[in-house]
Amino acid sequence: MENNQEHRSSPQWKLALAALGIVFGDIGTSPLYAFRECFSGAHGAPIIAENMVGAASLIVWSIIFVVTFKYVFLVLRLDNKGEGGILALSALIRGSRAAQGKADKAWIFGLGLLGAALIYADGMITPSISVLSAVEGLNLISPEMQEYVVPAALVIIVMLFSIQRYGTGKVGALFGPILMIWFLTLGGLGLKWIIAHPAILLSINPLTGAEFLVHEWRHAVPLLSAVFLAVTGGEALYTDLGHFGRKPIRIAWFSVVFPCLILNYLGQAALLTLHPDTTNTFYNLVPKAGVLPLTILATAAAVIASQALISGAYSLTTQAIQLGCVPRLRVLYTSTTEKGQVYLPMINWMLMIACIILISTRQSSANLFPAYGIAISMTMTVTSFLFFQAARSVLGWSKIRAYTVTAAFLIIDCAFLFANGLKIAQGGWVPLAVAFLIVFIMTTWRWGRERLGKRMEKASIPAEILIEDLERKEVHRVSGTAFYMCGKTGGIPLALLHNLKHNQVLHERVILLHVETLDSSHAMDEEKYDLRELGQGFYLLQLRFGFSETPNVPQALKEHLTGEIKYEGQKSTFFLGRETYAVSRNLNAWERLRLAIFASMTRNATPATAYFSLPPSRVVELGAQISL
1 MENNQEHRSS
11 PQWKLALAAL
21 GIVFGDIGTS
31 PLYAFRECFS
41 GAHGAPIIAE
51 NMVGAASLIV
61 WSIIFVVTFK
71 YVFLVLRLDN
81 KGEGGILALS
91 ALIRGSRAAQ
101 GKADKAWIFG
111 LGLLGAALIY
121 ADGMITPSIS
131 VLSAVEGLNL
141 ISPEMQEYVV
151 PAALVIIVML
161 FSIQRYGTGK
171 VGALFGPILM
181 IWFLTLGGLG
191 LKWIIAHPAI
201 LLSINPLTGA
211 EFLVHEWRHA
221 VPLLSAVFLA
231 VTGGEALYTD
241 LGHFGRKPIR
251 IAWFSVVFPC
261 LILNYLGQAA
271 LLTLHPDTTN
281 TFYNLVPKAG
291 VLPLTILATA
301 AAVIASQALI
311 SGAYSLTTQA
321 IQLGCVPRLR
331 VLYTSTTEKG
341 QVYLPMINWM
351 LMIACIILIS
361 TRQSSANLFP
371 AYGIAISMTM
381 TVTSFLFFQA
391 ARSVLGWSKI
401 RAYTVTAAFL
411 IIDCAFLFAN
421 GLKIAQGGWV
431 PLAVAFLIVF
441 IMTTWRWGRE
451 RLGKRMEKAS
461 IPAEILIEDL
471 ERKEVHRVSG
481 TAFYMCGKTG
491 GIPLALLHNL
501 KHNQVLHERV
511 ILLHVETLDS
521 SHAMDEEKYD
531 LRELGQGFYL
541 LQLRFGFSET
551 PNVPQALKEH
561 LTGEIKYEGQ
571 KSTFFLGRET
581 YAVSRNLNAW
591 ERLRLAIFAS
601 MTRNATPATA
611 YFSLPPSRVV
621 ELGAQISL
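In structure tokens:
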């Protein structure tokens, strides 16, 4: 995330302009395909004037209710010390007074995991469909160029993911201005056709949308899945809350994004009313000479939208690592000034491969639509369930108020979810399969860690017992400070016991170090560390980080150990355990499979030395085998 202090000192209009390039890319590229899909395919509604008004009304009021009312007005209020997103929301609720029971916290955390997995699944489809939809403007320039659409899309995708390692700091400054041009173009093109057919303004009446659904009830369900495409970027507003804050996002939404989107959708409806034979309701907003410039601009907007989603996947992954949902992964920082600019090679290449497979196999954006929507509609439904808990515990709403608002959300969410659910057989199963695979990996990792923690706690001994033994026995002590990573209980870790058993020596100062990740995005000053003397030169030190903070242990030690006990890098040694796992034969086949997967993930996880930024020359690893 970007530095919140820096955000507070920046003018709001600058932050609003920057938010255009990061927050609104996804919803800003929806006009490329959303309205067109209402009337295309075997299940599209008949192209008659009344249906143009009705479809436009449904899109307009979906944007008003889902994006403006639900996300911009209400959900954006639920920040976890400035951070947004479904994992941050579940952590916020778990830390509230309303979720003190273990069962409450478990299902809230489970919903958070499901929502995060669904966002990952959507993350492989959004870049594919956005880039393909933009490049398909080439079809209108010349039929011969159709064969270049897929290769061009693949080249753009490969280039997009290949430059991630260099960071987006330099080109990121251009995102906001480019998206500003994009949104103003959307609004201007739409306004031109509204002037040509002002009767389309009847769409502003919500009753026309309801009448349309009743009249075209045979097409109602597939129609709703197409309408939903106009609001798929709503969740991104909340996910990227930590980048800019609530106010700049609202300024950008109401001053630029919302009016320009509405104008464009109404303009497309007016165009199709006047020219029912239109093949592409977006690119036909301009004359043929303007298709190429519009295609270039649309491609730039699609790339920016994809970049925002990729950056969001990186941020979500770092949160998931800190919260203990996935193994430690290699994280590279691409900026020396902005801590939010990170690059995760594994996530990057997995997303790129998924996008390449989707584009190569589906060949067109129309073929991708059956797979698009189901994951994000489920995410929005999960957000609504979590909103109810947050409204009660964080906002302090009464039960009646919370139930009423959440029920309104769920009626709309479930309608969209049902409509998208009917596309499962046509391709909607793909993101669902990916999402549930991710949930399985996350839950297996947490289950394995809990099982491992119990085994290690059972194998360790309380610090008090060892200290009492040291008072009776003489053990050789050497100068310097030794840090041993330990569990939350502060028991003597296996690494210390093995070192004492084999080497018969201890440092004059032994610090049992426990690193904890909080349910808040940033640790407050008074909770960042706690140092307690145990006797015989032993200390228990607890370092606490928020889930959006980088756990740089040496830096934290320099900041907090400034009294009698000081951190001196060249006189300190970090002792870490290097465990190997043996799976018990007494377990059933399912448990053995999960433990085998857990052991594999552990072997491939980033070592603690790199993850905690420990100096490699001052680290000693001691092996141990643990039976699971």
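All residue numbers for the sequence shown refer to the numbering used here, where the first residue is 1 and numbers rise by one. C-beta: ideal position from N, C-alpha, C; glycine also.
Point to revise | Separation of S364 from F436, as counted between CA atoms | key: 26 Å
**Study point:** Coarse secondary structure for A582, derived from DSSP in three states
**Key:** Strand.
Exercise for review: Could you work out which residue in L138, Y529, V286 and V231 is closest to F69 when comparing CA atoms only?
Suggested key: Measuring from the Cα of F69, the nearest candidate turns out to be V231.
**Study point:** Contact check, L292 vs I141, beta carbons under 8 Å
**Key:** A contact, by the Cβ cut-off of 8 Å.
Review point. Taking 8 Å as the CB-CB cut-off, is A354 touching chain B?
Key: The chain labelled as chain B is not found in the depicted structure, where only one protein chain is given.
**Study point:** Exposure of E6, with buried meaning 16 or more beta-carbon neighbours within 10 Å
**Key:** Residue placement at E6 is flagged as unreliable, the pLDDT there being 43, under the threshold of 50; a coordinate-derived value is accordingly withheld.
**Study point:** Residue from S572, T381, V394 and A402 with nearest C-alpha to F416
**Key:** T381
**Study point:** DSSP-derived helix/strand/coil call for L622
**Key:** strand
Exercise for review: Would you mind giving the Cβ-Cβ distance between I64 and F175, rounded to the nearest angstrom? I have them listed as a contact below 8 Å.
Suggested key: About 26 Å separates the two Cβ atoms, so there is no contact after all.
**Study point:** Any alpha helix (DSSP H) of 4 or more consecutive residues that is wholly inside the segment 340-415
**Key:** Within the segment 340-415, the complete alpha helix (DSSP H) runs of at least 4 residues fall at 345-362, 365-368 and 374-393.
Review point. Would you call the CB atoms of L237 and L368 closer than 8 Å?
Key: The criterion of a C-beta distance shorter than 8 Å is not satisfied by L237 and L368.
Point to revise | Extent of the continuous alpha helix (DSSP H) to which S311 belongs | key: For S311, the uninterrupted alpha helix (DSSP H) run begins and ends at V291 to Q322, by DSSP.
Review point. Leaving out five residues before and five after L138 in sequence, what residues of the same chain have Cβ atoms less than 8 Å from its Cβ?
Key: M145, Q146, Y148, V149, A152 and T295
Check your understanding: Which parts of the segment 412-461 are runs of the alpha helix (DSSP H), unbroken and 4 residues or longer, counting only runs that do not cross its ends?
Key -> Listed in chain order, the complete alpha helix (DSSP H) runs (minimum 4 residues) inside the segment 412-461 are 429-459.
Point to revise | Proximity winner among T550, G28 and S203, relative to A302 (alpha-carbon distances) | key: Ranked by Cα distance from A302, the first of T550, G28 and S203 is G28.
Check your understanding: Using a Cβ-Cβ cut-off of 8 Å (strictly less than) and excluding sequence neighbours within five positions of R477, which residues of its own chain qualify?
Key -> V505, L506, H507, E508 and G537
Practice item. Compute the Euclidean distance between the alpha carbons of A390 and L89, then round it to the nearest angstrom. Key: 8 Å
Review point. For the putative contact between G448 and F598, defined by C-beta atoms under 8 Å, what is the C-beta separation to the nearest angstrom?
Key: 3 Å
Exercise for review: Excluding the 5 residues preceding and the 5 following P370 in the sequence, name in chain order all residues of the same chain whose CB lies nearer than 8 Å to its CB.
Suggested key: K423, Q426, G427 and G428
Exercise for review: Say yes only if the C-beta of M180 is nearer than 7 Å to one or more non-hydrogen atoms of the ligand PLP, and no if none qualify.
Suggested key: Although the ligand PLP was asked about, the structure shown includes no ligands whatsoever.
Review point. Count the other CB atoms within 10 Å of the CB of H275; is the residue buried (16 or more) or exposed (fewer)?
Key: exposed
Practice item. Determine contact between the segment 548-564 and the segment 104-116, defined as no fewer than three beta-carbon pairs at a distance below 8 Å. Key: no
Check your understanding: Thinking just about the alpha-carbon of each residue, which of P327, F35 and G234 is nearest to the one in G267?
Key -> F35
Exercise for review: Answer with buried or exposed for V83, where buried requires no fewer than 16 other C-beta atoms within 10 angstroms of its C-beta.
Suggested key: Looking at the sequence shown, residue 83 is not Val but Glu. E83 comes out buried.
Point to revise | Unbroken beta strand (DSSP E) run spanning L543, endpoints | key: F538 to F545
Review point. Based on the DSSP secondary-structure assignment, which residues constitute the bridge partners of M485?
Key: L513
Check your understanding: Expressed to the nearest angstrom, what Euclidean distance is found between the alpha-carbon atoms of S255 and L154?
Key -> 35 Å
Check your understanding: Taking the alpha carbon of I119 as the point to measure from, which residue in L160, P287 and L309 has its own alpha carbon closest?
Key -> L309
Point to revise | Assumed close pair I125, T299 - CB separation to whole angstroms, cut-off 8 Å | key: So it is not a contact: roughly 18 Å between Cβ atoms.
Point to revise | Rounded straight-line distance, which links the Cα of F440 to that of A433 | key: 10 Å
**Study point:** Contacts around G623, its chain only, beta-carbon distance under 6 Å, and the 5 residues preceding and following it disregarded
**Key:** R578
Practice item. Give the single residue among T361, S521 and V326 whose Cα lies nearest to the Cα of M346. Key: Residue V326 is the option with its Cα nearest to M346.
Exercise for review: State the Cα-Cα distance for the pair E2 and M485, rounded to the nearest angstrom.
Suggested key: Note that E2 has pLDDT 40, beneath the 50 cutoff, so the model's placement of it is unreliable and the number below is only indicative. Answer to the nearest angstrom: the Cα atoms are 30 Å apart.
Point to revise | Straight-line gap, G396 to G490 (C-alpha atoms, nearest Å) | key: 37 Å
Review point. Nearest to L543 by CA position, among L513, Q570 and S572, is which residue?
Key: Measuring C-alpha to C-alpha distances from L543 to each of L513, Q570 and S572 identifies L513 as the nearest.
**Study point:** 8 Å Cβ cutoff met for V394 and L202
**Key:** no
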